[in-house]
Amino acid sequence: MADMILDVKRQKCPLPIVAIAAQLKRLAAKETLEIIADDPAFGEDVKAFCRVTNNSLESLTVSEGVFNAVIRKK
Amino acid sequence: MEKETKTNKTLIMFSNDLDKALAGFNIAIGAVSMGFNATIFFTFWGINILRKENFLPCKKGITDKIFALLMPRGPDKLILSKMHMMGMGTWMMKRVMKNKQVAMLPELIKLAQDSGVKFIACQMSMDMMGIKREELISGLDYSGVAKYLEEAGKADVNLFI
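Same order as they appear, the protein sequences are chains A and B.
Each residue of the first sequence is one higher than the last, beginning at 1 in this note's numbering.
Each residue of the second sequence is one higher than the last, beginning at 1 in this note's numbering.
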């Protein structure tokens with residue numbers, strides 16, 4: 001179970017990334033954030049976000065157009 | 001997220017087309033969310049994006065007044081660079097954006113300012129078009145080409161929009 005869950009369904013680029021950045025600021029190091037999103041670009045965007053910000057993308061799944069991602073704050 | 005800023009991104013907002021402004025603000029907001037510093041330098045027509053919506057009676061010459069009247073006053077008045085179709089295209093685009101929950105321009109400008117995108121207004125363009133500082137939104141820096149070049153020199157992405 002993630003430490004925090006963020007639902008950004010129906011939000012379009014760049015709002016999901018903005019929301020993730022804001023939520024991660026509220027988490028302590030090593031805590032996890034689960035994100036639920038349905039922006040079709042979200043998969044690639046969340047991967048790039050994690051690479052650039054050095055946070056670890058623990059999992060990324062997609063089913064029926066809905067992404068579920070878990071990020072562990074560095 | 002740790003604020004580990006690696007590099008900066010700068011944008012030159014030259015245009016006051018709605019579509020181009022949307023793209024520019026999206027990129028700047030994305031950049032600050034990913035921990036970069038982002039600066040937008042507003043010049044020439046781009047100054048109009050920063051104008052307050054309400055008409056402000058200022059002391060200025062007749063040409064400046066005409067200029068101010070002919071140019072869009074603020075983000076809500078901008079039009080598409082293509083398919084404006086006497087207002088119908090822009091109206092339709094705004095409606096589609098609303099329905100699909102794409103962030104609208106005034107919302108993006110506020111988000112950009114709140115998330116730390118630095119706005120610089122080109123003083124020379126303002127003087128040329130007769131736009132006064134009190135006609136623009138707050139939270140701006142005012143400067144010229146040297147300041148922009150200094151910022152751009154620190155950046156690895158620099159877009160002219």
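Cβ coordinates follow ideal geometry from the N, Cα and C atoms, glycine included.
The structure presented is a predicted model; accordingly, all values stated were derived computationally and were not measured.
Span of the alpha helix (DSSP H), counted from its first residue to its last, around residue i
i      : result
B/M97  : M88 to N99
B/M124 : Q123 to M129
B/I29  : L18 to S33
A/D7   : Here A/D7 belongs to no alpha helix (DSSP H); instead the beta strand (DSSP E) covers M4 to D7.
B/L136 : Note, B/L136: premise wrong, no alpha helix (DSSP H); not H, not E.
Cβ-based burial, residue i [other Cβ within 10 Å; buried from 16]
i      : result
B/K82  : exposed
A/A28  : exposed
A/Q11  : buried
B/S33  : buried
B/N16  : buried
B/A146 : exposed
B/L149 : exposed
B/F55  : exposed
B/R51  : buried
B/G162 : No information on residue 162 of chain B is available, as it lies outside the stretch 1 to 161 that chain B covers here.
A/T61  : exposed
Reduced DSSP category for residue i - H, G, I as helix; E, B as strand; rest coil
i      : result
B/S81  : coil
A/A37  : strand
A/T32  : strand
A/F67  : strand
A/R26  : helix
B/F55  : coil
B/K118 : strand
B/V102 : coil
N-terminal and C-terminal residue of the beta strand (DSSP E) that residue i is part of
i      : result
B/F160 : A155 to F160
A/K47  : Looking at the DSSP string, A/K47 is not in any beta strand (DSSP E); the run it does join, the alpha helix (DSSP H), is F42 to T53.
B/A38  : N37 to F42
B/I49  : That residue, B/I49, is in no beta strand (DSSP E); it is neither H nor E in DSSP.
B/T7   : From DSSP, B/T7 is part of no beta strand (DSSP E); its letter is neither H nor E.
Spatial neighbours of residue i in its chain, beta-carbon cut-off 6 Å, leaving aside the 5 residues before and after
i     : result
B/T39 : T10, K118 and E151
Neighbourhood of residue i by C-beta distance below 8 Å, restricted to the same chain and skipping five residues each side
i      : result
B/E134 : L56 and C58
Close Cβ partners of residue i (< 7 Å) along its chain, the five nearest in sequence each way excluded
i     : result
B/W45 : F14, S15 and N16
Quiz item: Contact between the region 68-84 of chain B and the region 149-160 of chain B: three or more CB pairs below 8 Å?
Solution: no
Quiz item: Touch check for the region 50-70 of chain A and the region 12-28 of chain B: three-plus C-beta pairs under 8 Å?
Solution: no
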